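Residue numbering for the sequence shown follows the working numbering, starting at 1249 and increasing by one per position. Cβ atoms here follow ideal geometry from the backbone N, Cα and C, with glycine treated the same way. Computed from a prediction, not measured in an experiment: that's the story for all the values here.
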Amino acid sequence: MNERARQATRLEAIGGRFDPWLLGAALALASLGVVMVASSSISQTATPFYYLVRHLMFLAGGMGLAIWAMRTELKTVEHYNQLLLLGCVGLLLLVFVPGLGVSVKGAHRWINLGVSNFQVVEAVKVFFIVWLASYLVRFRDEVNATWIAMLKPLGVVVVLVALLLMQPDFGSSSLLLAITAGMLVLGGVNMPRMFGPVLVGLPVLAVIAIAEPYRMRRLTSFADPWADPFGSGYQLTNALMAIGRGEWAGIGLGGSVLKLNYLPEVHTDFIFSVIGEELGFAGICLVIGLYALLVGRAFWIGLRCVEMRRHFAGYCAFGIALWIGLQSFVSMGVNLGLLPTKGLTLPLISSGGSSVLMTCAAMGLLLRVSYELERAQRQVALRGELQAGGEAVAMPTDAPADVPAPAAMPAATPAPATTVRGTSRLRQRIEPIFGGRTA
1249 MNERARQATR
1259 LEAIGGRFDP
1269 WLLGAALALA
1279 SLGVVMVASS
1289 SISQTATPFY
1299 YLVRHLMFLA
1309 GGMGLAIWAM
1319 RTELKTVEHY
1329 NQLLLLGCVG
1339 LLLLVFVPGL
1349 GVSVKGAHRW
1359 INLGVSNFQV
1369 VEAVKVFFIV
1379 WLASYLVRFR
1389 DEVNATWIAM
1399 LKPLGVVVVL
1409 VALLLMQPDF
1419 GSSSLLLAIT
1429 AGMLVLGGVN
1439 MPRMFGPVLV
1449 GLPVLAVIAI
1459 AEPYRMRRLT
1469 SFADPWADPF
1479 GSGYQLTNAL
1489 MAIGRGEWAG
1499 IGLGGSVLKL
1509 NYLPEVHTDF
1519 IFSVIGEELG
1529 FAGICLVIGL
1539 YALLVGRAFW
1549 IGLRCVEMRR
1559 HFAGYCAFGI
1569 ALWIGLQSFV
1579 SMGVNLGLLP
1589 TKGLTLPLIS
1599 SGGSSVLMTC
1609 AAMGLLLRVS
1619 YELERAQRQV
1629 ALRGELQAGG
1639 EAVAMPTDAP
1649 ADVPAPAAMP
1659 AATPAPATTV
1669 RGTSRLRQRI
1679 EPIFGGRTA
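This is the structure in structure tokens:
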């Protein structure tokens, strides 16, 4: 074995590390979710721990998906981005297939898997984030410089939103649009161009929101829930009473009164109110702090990936951070009376099979991003040490072509054309700027 082969082997042997802050925040939220699902659902059925057992089963399945995602190379995930986009459209169409789609209270959002129903939009969120991250890698120059490249992902999300509105699912539609806009901005889109679609889209969403009578009732009840506390304002008034009863330290775990068939969907959409009632202001601050740590760490990891030119990993981290951050904000805002009622669960805490499974899978993907970032940083550091010692260094076979050379190395030799990632056709590379630093 020659010297270059030995150096490449040494680089390939370097492993990464899963971010401990990210892992710790996710495990803390999931553990709190188990406790609160047990407490909030104990009076919902004749079998006290029915929902707890069900939640634990889905959580175990979600952990399996997370471990699988943590062990899968990101380049493998990126390779299937087009199939994932087709999967988004296919899943949203399956809910309308007779015998397979399941209708609950007039909404066609689930498919029957035999053992349980699955809400397809939860998988669509993950698949779409991966596809959009891959698109931004392949066309990140054009997204900044041309209208058509920016409008393509917007056209795709409009198709997905149209299918969601047919179910109907206005909350998930709005969330998907917000994730798309956020990822495009973080991907370096030309900001003045974004104003056009935004100015067109907001009035359209407003019209859709008020077109259905039940959505209009939600808006009016949100403005003054006490005007009809036993009708349209029933959910919000009970949620506010639950949080108010908790005061500073809560009334104690298991002591909630509003969960006793007063507050609807108490173990899913309104579990945050039970947290406020039983754990008080301190419990609310704990939950908000854990989400802030999780989302903030995900954004930080994404930024570090972009700085190292691992753009696909960075955009995946950005997308998952936007998803978890926006959905948790909306769910908590609904419980606190800050936003109109929407059927969005509290990620990693609320009971719900589809949400638990796919949120865990997203966490596994995010942890894989942190692992490969740490591995790339160690490889760059070792290459710098070897180069400083005057040794010729060979790149490992799985190292991305866009990992920057360490500062101690001389000017790097341009990579062969076959190793350049993306399909950009513009000569001058345009990179997004974060916090005054060029990625």
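The Cβ atoms of residue 1327 and residue 1599 lie no closer than 7 Å to each other. Check the Cα spacing between residue 1314 and each of 1439, 1368, 1374: the tightest is with 1374. In the three-state DSSP reduction, residue 1357 falls in the strand class (E or B). When C-alpha distances from residue 1345 are compared across 1398, 1546, 1336, 1356, the shortest belongs to 1356.
Within the same chain, 1264, 1266 come within 6 Å of residue 1619 by CB-CB distance, once the 5 residues on both sides are set aside. One Cα belongs to residue 1335, the other to residue 1427, and the distance between them is close to 18 Å. Annotation for residue 1367: 1357, 1358, 1602 place their beta carbon closer than 6 Å to its own, counting only its chain and skipping 5 residues before and after. Distance from the Cα of residue 1282 is smallest, within the candidate group 1491, 1298, 1434, for 1298. In the DSSP assignment, residue 1366 forms a beta bridge with 1359. Between residue 1519 and residue 1288, the C-beta gap is smaller than 7 Å, which places the two residues in contact.
Three or more Cβ pairs closer than 8 Å define a contact, and the region 1477-1493 meets that threshold against the region 1580-1594.
Counting only the Cα atoms, residue 1390 lies some 22 Å from residue 1424. Where residue 1281 is concerned, there is no enclosing beta strand (DSSP E), although the alpha helix (DSSP H) around it starts and stops at 1268-1289. Taking a cut-off of 8 Å for Cβ pairs, the region 1562-1571 and the region 1375-1383 touch, as three or more such pairs fall below it. Per DSSP, residue 1350 is one residue of the beta strand (DSSP E) stretching across 1349-1352. Counting every other CB atom within 10 Å of its CB across the protein chains shown gives residue 1415 a total of 16 or more, marking it as buried. Taking C-beta atoms under 8 Å as the contact rule, residue 1341 and residue 1538 fail to qualify, at a distance of about 36 Å. Take the alpha-carbon of residue 1476 and the one of residue 1482: they are about 7 Å apart. Using a Cβ distance threshold of 7 Å, residue 1339 and residue 1363 do not count as a contacting pair. Counting only runs of at least 4 residues, the region 1415-1494 fully encloses the following alpha helix (DSSP H) elements, listed from N- to C-terminal order: 1418-1434, 1439-1459, 1461-1471, 1482-1494. Residue 1429 counts as buried, since at least 16 other C-beta atoms from the protein chains shown sit within 10 angstroms of its C-beta.
Cβ-Cβ distances below 7 Å link residue 1516 to 1593, 1598, 1599, 1600 in the same chain, with the five nearest sequence neighbours on each side left out; the list follows chain order. Short of 6 Å from the beta carbon of residue 1470, and not among the five residues preceding or following it, lie these beta carbons of its own chain, in chain order: 1588. Within a 10 Å sphere around the beta-carbon of residue 1609 sit 16 or more other beta-carbons, which makes this residue buried.
Taking a cut-off of 8 Å for Cβ pairs, the region 1546-1556 and the region 1524-1532 do not touch, as fewer than three such pairs fall below it. Residue 1324 carries a helical assignment under DSSP once its states are collapsed to helix, strand and coil. The residue among 1461, 1629, 1370 with its C-alpha nearest the C-alpha of residue 1575 is 1370.
Residue 1308 has its alpha-carbon roughly 15 Å from the corresponding atom of residue 1595. Between residue 1318 and residue 1501, the gap from beta carbon to beta carbon reaches 7 Å or more.
By the neighbour-count criterion, in which 16 or more other beta carbons inside 10 Å mark a residue as buried, residue 1439 falls on the exposed side.
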